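Trainee: Which chain is which? The protein sequence lines are A and B, in order.
If you read the first sequence in our numbering, its first letter stands for residue 244, the second for the next number, and so on.
If you read the second sequence in our numbering, its first letter stands for residue 521, the second for the next number, and so on.
Every residue, glycine too, gets a C-beta built ideally from N, C-alpha and C.
All values derive from a computational prediction rather than experimental measurement.
Shown below is the structure under consideration.
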Amino acid sequence: MANPTGWKPDVQAGVAHAAQEEVGLGHATRGLAFEEGLLFERGSRGRTGVSLPPRGSDADPAREIPVALLRPEVEGLPEVGELEVVRHFTRLSTWNWGIDTGFYPLGSCTMKYNPRSSEALARLPGFAELHPLAPPSMAQGALELMYRLERALSEISGFATTTLAPAAGAQGELCGLMVIRAYHVARGNPRKKVLIPDTAHGTNPASSALNGYQVVPVKSGEDGRLHPEAVRAAMDEDVAAIMITNPNTLGIFESHIAEIADVVHAKGGLVYGDGANMNALLGVARPGDMGFDVMQFNLHKTFATPHGGGGPGSGPVAVKEQLAPFLPLPLVVREGDRYRLVTDPAERPRSIGKLREFWGNFGMFVRAWALIRELGPEGLRRAAELAVLNANYARALLKDAYDLPYATDSLHEVVFSDKNLKPTGVTTMDVAKRLIDHGFHPPTVYFPLVVHGALMIEPTETESKETIERFCAAMRDIAEEAAVRPEAVKAAPVKPVRARLDETRAARKPVLRWTPGMKVE
Amino acid sequence: MRYHPHTEGDVREMLEAAGAKSLDDLFRSIPAPLRLNRPLELPPPADEITLFSELRRLAARDDVQHPPFVGAGAYPHHVPPVVDQLLLRGEFFTAYTPYQPEISQGTLQALFEWQTFVCLLTGLEVANASMYDGASATAEAVLMATRITGRSKVVVSAAVHPEYRKVLATYLRSSGDRIVTVPFGPDGRTDLAALSAAVDEETAAVVVGYPNFLGVVDAVPEAAAAAHAKGALCISVTTEAVALGLLQGPGALGADAAVGTFQSFGNPVSFGGPAPGFFALREEHLRQMPGRVCGATVDKLGRRGFVLTLSTREQHIRRERATSNICTNAGLCALASTIHLALLGKKGLAELARVNYARGRLLSEAMERQGFRRVFSGPAFNELAFEVGDAEGVVERLASRGIAAGAPLARFYPDDPKLRGALLCVATELHAPELIDLFAKAVRS
Numbered sequence: 244m245a246n247p248t249g250w251k252p253d254v255q256a257g258v259a260h261a262a263q264e265e266v267g268l269g270h271a272t273r274g275l276a277f278e279e280g281l282l283f284e285r286g287s288r289g290r291t292g293v294s295l296p297p298r299g300s301d302a303d304p305a306r307e308i309p310v311a312l313l314r315p316e317v318e319g320l321p322e323v324g325e326l327e328v329v330r331h332f333t334r335l336s337t338w339n340w341g342i343d344t345g346f347y348p349l350g351s352c353t354m355k356y357n358p359r360s361s362e363a364l365a366r367l368p369g370f371a372e373l374h375p376l377a378p379p380s381m382a383q384g385a386l387e388l389m390y391r392l393e394r395a396l397s398e399i400s401g402f403a404t405t406t407l408a409p410a411a412g413a414q415g416e417l418c419g420l421m422v423i424r425a426y427h428v429a430r431g432n433p434r435k436k437v438l439i440p441d442t443a444h445g446t447n448p449a450s451s452a453l454n455g456y457q458v459v460p461v462k463s464g465e466d467g468r469l470h471p472e473a474v475r476a477a478m479d480e481d482v483a484a485i486m487i488t489n490p491n492t493l494g495i496f497e498s499h500i501a502e503i504a505d506v507v508h509a510k511g512g513l514v515y516g517d518g519a520n521m522n523a524l525l526g527v528a529r530p531g532d533m534g535f536d537v538m539q540f541n542l543h544k545t546f547a548t549p550h551g552g553g554g555p556g557s558g559p560v561a562v563k564e565q566l567a568p569f570l571p572l573p574l575v576v577r578e579g580d581r582y583r584l585v586t587d588p589a590e591r592p593r594s595i596g597k598l599r600e601f602w603g604n605f606g607m608f609v610r611a612w613a614l615i616r617e618l619g620p621e622g623l624r625r626a627a628e629l630a631v632l633n634a635n636y637a638r639a640l641l642k643d644a645y646d647l648p649y650a651t652d653s654l655h656e657v658v659f660s661d662k663n664l665k666p667t668g669v670t671t672m673d674v675a676k677r678l679i680d681h682g683f684h685p686p687t688v689y690f691p692l693v694v695h696g697a698l699m700i701e702p703t704e705t706e707s708k709e710t711i712e713r714f715c716a717a718m719r720d721i722a723e724e725a726a727v728r729p730e731a732v733k734a735a736p737v738k739p740v741r742a743r744l745d746e747t748r749a750a751r752k753p754v755l756r757w758t759p760g761m762k763v764e
Numbered sequence: 521m522r523y524h525p526h527t528e529g530d531v532r533e534m535l536e537a538a539g540a541k542s543l544d545d546l547f548r549s550i551p552a553p554l555r556l557n558r559p560l561e562l563p564p565p566a567d568e569i570t571l572f573s574e575l576r577r578l579a580a581r582d583d584v585q586h587p588p589f590v591g592a593g594a595y596p597h598h599v600p601p602v603v604d605q606l607l608l609r610g611e612f613f614t615a616y617t618p619y620q621p622e623i624s625q626g627t628l629q630a631l632f633e634w635q636t637f638v639c640l641l642t643g644l645e646v647a648n649a650s651m652y653d654g655a656s657a658t659a660e661a662v663l664m665a666t667r668i669t670g671r672s673k674v675v676v677s678a679a680v681h682p683e684y685r686k687v688l689a690t691y692l693r694s695s696g697d698r699i700v701t702v703p704f705g706p707d708g709r710t711d712l713a714a715l716s717a718a719v720d721e722e723t724a725a726v727v728v729g730y731p732n733f734l735g736v737v738d739a740v741p742e743a744a745a746a747a748h749a750k751g752a753l754c755i756s757v758t759t760e761a762v763a764l765g766l767l768q769g770p771g772a773l774g775a776d777a778a779v780g781t782f783q784s785f786g787n788p789v790s791f792g793g794p795a796p797g798f799f800a801l802r803e804e805h806l807r808q809m810p811g812r813v814c815g816a817t818v819d820k821l822g823r824r825g826f827v828l829t830l831s832t833r834e835q836h837i838r839r840e841r842a843t844s845n846i847c848t849n850a851g852l853c854a855l856a857s858t859i860h861l862a863l864l865g866k867k868g869l870a871e872l873a874r875v876n877y878a879r880g881r882l883l884s885e886a887m888e889r890q891g892f893r894r895v896f897s898g899p900a901f902n903e904l905a906f907e908v909g910d911a912e913g914v915v916e917r918l919a920s921r922g923i924a925a926g927a928p929l930a931r932f933y934p935d936d937p938k939l940r941g942a943l944l945c946v947a948t949e950l951h952a953p954e955l956i957d958l959f960a961k962a963v964r965s
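Encoded structure:
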């Protein structure tokens, strides 16, 4: 097999690696680990993995298209057969951790089980093969599904209307802020600033900046909550909005939200809700009832559409009545027993316009709607209850082993600090990597920024009591190990196909694509 | 509930450990007036059989019996079953963004391969790990060009996908950047004289389609020359990426950035989304690139591995000073494209592109036999506009026969009298020669 880089799988290192001492319960991460080079490093001239029909015409492109714009083939592409492709990606998949592999308590990411029903339904030909420009008469099923989902999301969040267009949570934020800006512009002044608590996701300030707003950070209190006084002090008539995640990234409910909303509204500002943590509130409380004016959903978090190794997401934005005219196009409407997309700006002259091509990540709408239908009102509420129960159970099992910087009640996630680890020299990152050896995906680390060496644990409702117990036992085991054998923790992970990777080198000498003869050493 | 594993006994023991009296008690931090004291008004829970019968009924109301003859930014192509069966490996689709590289090498290596495919097809040096879609990728490319040049005007061809141009306008609304739109000529190519006249020392970027929205292979070399003459960047936008199996990569023709969608590779049209936006660039501008990027490195034992890198550009580090707010992108869709491109390989992609070109010619001939002339004289790939008279009427009539006929261009260019009867149609490897013939006859009668 061609191997132009000269790179060879290091079988000896692999063997030595596998022989290392067993840690963790149940020998959790032993498996068949194959080395697998890049696609571009394999194959042989002339192979292909597709079956194509005859052209049906011998028209020569060179008679129509300028020869300078043509190429006979794309240099560098691999030439591999179907089995090789199947094997390549199957092997790569075994190097990956997914929810299907094991517990994935990544705080603020809501890594709950992705139902197989949703996957099967999104693949029905009537959904997957439907063209976005098929006439409405050919797309009534898809449009009805969008309408029902829109109504359900509005009901769940307590808002008047929801746009399904945004492609992900961050685009939802962008959309929400554009709507806010359009609202202020319509009242004569776009305003200049957006208030953002210090616990916020990085997307919040980035989305604000992209809208031309200056970001004003607001400090949260000793209890991890935002206090009306802090907001009052920062609030003036140049503030367009405040962006609040509720519950916040510490997993704490912003219980002063109603008063804070009053403070902001009194100066003509609006309250934006980052719905990343909506899982904690399903059927229990609604942002629309708390003083929020706008909020984005993350269907890939709350409604279990798969994260896919980094997308696609879907970030619908729900708004109060007064902001509805500004929503992006399209909107889905029902007229009698027919459904239709509003795409003509003439029908919605105050709309901010279009945010993405076509109508949104429809494939995600099918999955989210399927989950909402299966759970129903009781099931959605039960999801929030069990998500909060799981986080609180983990908190109870860990609070004497790890420092809990905020004693305030937790909802769906709990954040520990690295304070107790300090004397051992072991860091949060070391704990995270050691968890991998125990057969668990690490929690979110070093976020939120207000907690030193944060370990942010969000179990979600789909995990069992035993799983949480096993995870907490591993966490406790690592805390003990850190005290007596810190070097073992710092050497982690020893189990996966790769040890710790040199991220500094990656950034300093970027190698971002394969090239013939590529060497990384 | 099959997704909720808790028994009543579990709940009791866990509540006790957590020091809570009841499940309700767990929510005591939410002030009573802010709680919802009624069940959500949603349909009652559905068992799996009910769920499937309900959604199958909905899906059956969508008419997909024939492959659509409409592209216009979403292209009907055959997706080999290998693609979807590999995507359904739970280790891929249930993974998060690869923040823990030691246990995410599968996603990371696949992204590295995706970036390589994007570079090879576009003829550019670096690419990111994907964008939401082609439209936002275009808007992000323009924003990047304004950062690189410090200029605030962008010259966009009217033949760039109208929806992409709308999204660009939405993204630029608050920045004060100006968009100048230049027309296309009777050949469907950007009017180069108008383009050159519009580009000046204030221009950050020139944006052209390749092939453009009208299906025409636009003049990227000339557009790039006009841009470079005034120190602006040239951005090419590709919605039908199969064309890149026949056409030179835009980077080789002078484009500084190439964006668009790879939906055509491995992703069904899915009523418009999701699909992977792509973003490729000359290396000199790497630090201004938006979005995530995967890079090669070594592990502690010297073995090659992959990580997300250059994250100091990104929102979770740089916050309001980030190059973009993008976080989640379209990773799984990019994986689908990567698998499809791996299957195609060098020979397969070249042939698929030629099959598509040939089907475009068959469509052209079949329509001409029925008396419908092509609207644009410029070189085309697999998508062509025809003068059919009452384009909306044709679409409506063919819908009743189960055929999505095309995109009436008057919807997108309402002010252009020449396009009043123009219907934009596509033919791909899914459209067998006999089907193309039937289609042309159906448009006629």
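Counting C-beta neighbours from all protein chains within 10 Å, is the total for residue 493 of chain A 16 or more, i.e. buried, or is it exposed?
Mentor: So residue 493 of chain A ends up on the buried side.
Trainee: From residue 420 of chain A to residue 527 of chain A, what does the alpha carbon distance come to, in whole angstroms?
Mentor: Their Cα atoms are separated by approximately 26 Å.
Trainee: Could you compute how far the alpha carbon of residue 816 of chain B sits from the alpha carbon of residue 710 of chain A?
Mentor: When rounded, the distance between both Cα atoms is 34 Å.
Trainee: Below 9 Å between beta carbons: does that hold for residue 549 of chain B and residue 498 of chain A?
Mentor: Yes, the pair counts as a contact, with Cβ atoms nearer than the cut-off.
Trainee: In three-state DSSP terms, what is residue 626 of chain B?
Mentor: Residue state, collapsed to three classes: helix.
Trainee: So, at 6 Å on beta carbons, what are the nonlocal neighbours of residue 355 of chain A in its own chain, with the 5 sequence-adjacent residues on each side left out?
Mentor: Contacts found: 547, 703, 705.
Trainee: Going straight from the alpha carbon of residue 543 of chain A to that of residue 724 of chain B, what length do you get?
Mentor: Spanning the two alpha carbons is a distance of roughly 36 Å.
Trainee: Note down, in chain order, each residue of its chain lying with its Cβ closer than 6 Å to the Cβ of residue 627 of chain B, except the 5 sequence neighbours on either side.
Mentor: Correct list, in chain order: 615, 618.
Trainee: Would residue 845 of chain B count as contacting chain A if we go by Cβ distances under 9 Å?
Mentor: Chain A contact via Cβ: present.
Trainee: Who are the near neighbours of residue 453 of chain A in its chain, counting only those whose CB is closer than 7 Å to its CB and skipping five residues on each side?
Mentor: These residues qualify, in order along the chain: 417.
Trainee: Give me the residue from A:594, A:645, A:669 with the minimum Cα distance to residue 574 of chain A.
Mentor: When only C-alpha atoms are compared, the closest one is A:594.
Trainee: Name the two residues that bound the continuous alpha helix (DSSP H) containing residue 439 of chain A.
Mentor: Run containing residue 439 of chain A: none in the alpha helix (DSSP H); it sits in the beta strand (DSSP E), 436 to 440.
Trainee: Using 8 Å as the Cβ pair cut-off and three pairs as the minimum, do the region 505 to 518 of chain A and the region 608 to 618 of chain A touch?
Mentor: Contact between the region 505 to 518 of chain A and the region 608 to 618 of chain A is absent, because fewer than three Cβ pairs lie under 8 Å.
Trainee: Can you round the beta-carbon distance between residue 461 of chain A and residue 436 of chain A to whole angstroms, since I take them to be within the 8 Å contact cut?
Mentor: The pair is not a contact, with the Cβ atoms about 11 Å apart (cut-off 8 Å).
Trainee: Note down, in chain order, all residues in the region 521 to 532 of chain B with a beta-carbon under 8 Å from any beta-carbon belonging to chain A.
Mentor: The region 521 to 532 of chain B vs chain A, Cβ under 8 Å: 521, 523, 524, 525, 526, 530, 531.
Trainee: Between the region 556 to 576 of chain A and the region 531 to 542 of chain A, can you find at least three pairs of beta-carbon atoms closer than 8 Å?
Mentor: Counting Cβ pairs under 8 Å, three or more are found: they touch.
Trainee: Between residue 680 of chain B and residue 729 of chain B, is the Cβ-Cβ spacing less than 9 Å?
Mentor: Cβ atoms of residue 680 of chain B and residue 729 of chain B: closer than 9 Å.
Trainee: Answer yes or no: does any C-beta atom of chain B fall closer than 9 Å to that of residue 707 of chain A?
Mentor: For residue 707 of chain A, the answer is yes, since a Cβ of chain B falls inside 9 Å of its Cβ.
Trainee: Can at least three beta-carbon pairs, one atom from the region 289 to 308 of chain A and one from the region 875 to 882 of chain B, be found at a separation below 8 Å?
Mentor: Yes: the two stretches touch, three or more of their Cβ pairs being nearer than 8 Å.
Trainee: In its own chain, which residues sit with a C-beta less than 6 Å from the C-beta of residue 887 of chain B, not counting the 5 before and 5 after it?
Mentor: Excluding residues within five positions, the ones whose Cβ falls inside 6 Å are 906, 960.
Trainee: For residue 515 of chain A, go through chain B and note every residue whose CB falls closer than 9 Å to its CB, in chain order.
Mentor: Going along chain B, no residue has its Cβ under 9 Å from residue 515 of chain A, so there is no contact; the nearest lies around 14 Å.
Trainee: Going by beta carbon distance, what residues of the same chain come within less than 6 Å of residue 898 of chain B, once the five residues before and after it are set aside?
Mentor: Taken in chain order, the residues that qualify are 707, 708, 709, 736.
Trainee: Anyone know if the C-beta pair for residue 293 of chain A and residue 863 of chain B falls short of 9 Å?
Mentor: Yes. Within cutoff.
Trainee: What are the boundary residues of the alpha helix (DSSP H) that includes residue 195 of chain A?
Mentor: This structure cannot speak to residue 195 of chain A, because chain A is shown only from 244 to 764.
Trainee: Can you check the region 504 to 573 of chain A for any beta strand (DSSP E) of at least 3 residues that lies completely inside it and give the ranges in chain order?
Mentor: DSSP runs (the beta strand (DSSP E)) wholly in the region 504 to 573 of chain A: 513 to 517, 537 to 539, 560 to 562.
Trainee: Please identify the residue among B:558, B:552, B:570 whose C-alpha is closest to the C-alpha of residue 613 of chain A.
Mentor: Among B:558, B:552, B:570, the Cα nearest to that of residue 613 of chain A belongs to B:570.
Trainee: According to DSSP, what are the bridge partners of residue 339 of chain A?
Mentor: The partner list for residue 339 of chain A (beta bridge, DSSP) reads B:624.
Trainee: Rounded C-beta distance between residue 718 of chain B and residue 700 of chain B? I'm assuming under 8 Å.
Mentor: Rounded, the Cβ-Cβ distance is 5 Å, consistent with contact.
Trainee: Going along the chain, which residues of its own chain have a beta-carbon closer than 7 Å to the beta-carbon of residue 262 of chain A, five neighbours each way excluded?
Mentor: Legend: pLDDT at residue 262 of chain A = 46, less than 50; position of this residue unreliable, value from coordinates given subsequently. There are no such residues.
Trainee: Could you tell me whether the region 368 to 376 of chain A touches the region 577 to 594 of chain B, using the rule of 3 or more Cβ pairs below 8 Å?
Mentor: As far as the Cβ criterion goes, the region 368 to 376 of chain A touches the region 577 to 594 of chain B, which means the pair count is three or higher.
Trainee: Just reading off the alpha helix (DSSP H) that residue 611 of chain B is part of, what are its end residues?
Mentor: Residue 611 of chain B -> alpha helix (DSSP H) spans 610 to 613.
Trainee: Taking the alpha carbon of residue 396 of chain A as the point to measure from, which residue in B:826, B:563, B:799 has its own alpha carbon closest?
Mentor: It is B:563 whose Cα lies nearest to the Cα of residue 396 of chain A.
Trainee: Measure from the alpha carbon of residue 467 of chain A to the alpha carbon of each residue in A:479, A:287, A:496, then state which is nearest.
Mentor: Of A:479, A:287, A:496, the residue nearest in Cα terms is A:496.
Trainee: According to DSSP, is residue 582 of chain B helix, strand or coil?
Mentor: Three-state DSSP puts residue 582 of chain B in a strand.
Trainee: Can you find a C-beta in chain B that's less than 9 Å from the C-beta of residue 360 of chain A?
Mentor: Answer yes: the Cβ-Cβ gap between residue 360 of chain A and chain B drops below 9 Å somewhere.
Trainee: Classify residue 269 of chain A as buried or exposed, calling it buried when 16 or more other Cβ atoms lie within 10 Å of its own Cβ.
Mentor: Unreliable positioning characterises residue 269 of chain A in this predicted model, as indicated by a pLDDT of 49, which lies under 50. A coordinate reading is not provided.
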